Amino acid sequence: KLCEGILNILEKDTKTSCQVACLEALRILSRDKKVLVPVTTKRNMQILMRLAKLDTVEDPLERVSEFPVIVEALKCLCNIIFNSAVAQKLSLELNLAAMLCNLLEKCRDQQFVGDIKCFDLRLLFLLSLLHTDIRSQLRQELQGVQVLTQALESSLSVRWTEEYKAAEDRDRLPLSLQETDCAIEALKALFNVTLDSWNVHSKNESHQFRYMAAILRHCLLTTGPTEDKTEELH
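Residue numbers (my numbering): 10 to 243.
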């Protein structure tokens with residue numbers, strides 16, 4: 010009942026501070042699988058997707074004041090999808106992976122969107138891990154390898170000297186914690202999407218995998234903010 014009450018409030022047009030507080034409470038509650046059973050419905054998923062700006066294909070991410078709401082809604086979706094098989098099935102029906110790829114594209118060349126990007130990637134990782142049909146959809150329909158590779162390239166701030174050769178800068182500063190976390194989530198999602206890709210058939214696929222290999226090499230030469238984060242990244 011508490012979750013339903015929170016979602017009823019979130020369905021209304023309330024203040025940003027109220028939305029964030031409600032989503033934070035829902036995020037904590039959504040760790041409990043028993044709590045999720047009555048609230049994992051198509052309507053409730055759509056409420057969270059709207060708050061995460063996943064239902065607006067054309068609208069750019071412009072209002073920085075809304076970013077905390079987007080992040081908290083994505084965190085809630087991560088918990089719900091991880092803990093609920095019903096939510097995983099609804100994700101395919103609601104075309105959630107396509108919407109996440111679209112949101113990821115909106116994050117390109119944008120400021121202050123690091124947390125949005127990170128939890129978008131984490132959600133793509135969970136979907137590709139827990140639902141084989143979504144994994145196939147990402148690979149075949151949504152150009153998931155390209156989208157995720159570009160997200161990884163952006164997180165690592167790769168500069169190119171040749172088509173498949175990244176610049177090596179020995180004096181480069183370590184990645185920030187946020188950049189490292191984004192890169193790690195992109196790597197995890199890429200692993201899932203490319204898991205069954207040992208047969209490369211087309212010229213475009215060949216290019217994509219050579220491009221990804223160059224970025225992965227660059228990743229191995231990159232350090233994170235701490236020794237533990239560097240180890241996790243590698």
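Where a beta carbon is used, it is the ideal one built from N, C-alpha and C, also for glycine.
Quick caveat, the model's predicted, so the values are computed rather than measured.
For T25, the three-state DSSP class (helix, strand or coil) = helix
Tell me whether E171 sits in a helix, a strand or coil according to DSSP, three-state version.
-> strand
DSSP-derived helix/strand/coil call for T158 = helix
Output the distance between the C-alpha atoms of T189 and Q55, rounded to the nearest integer angstrom.
-> 30 Å
Going by the CB atoms, is the gap between L99 and K51 shorter than 8 Å?
-> yes
Under a three-way DSSP split, which group does T7 fall into?
-> No statement about residue 7 is possible, as the shown extent of the chain runs from 10 to 243 and does not include it.
Whole-number beta carbon distance between F121 and V154, since they are thought to touch under 8 Å | Wrong, their Cβ atoms sit about 27 Å apart, outside the cutoff.
My understanding is that V46 touches E13, with C-beta atoms under 8 Å, so please give their C-beta distance in whole angstroms.
-> That pair is no contact at about 12 Å.
Which residues mark the beginning and the end of the alpha helix (DSSP H) in which V202 is found?
-> L186 to V202
Can you round the beta-carbon distance between K126 and C191 to whole angstroms, since I take them to be within the 8 Å contact cut?
-> 5 Å
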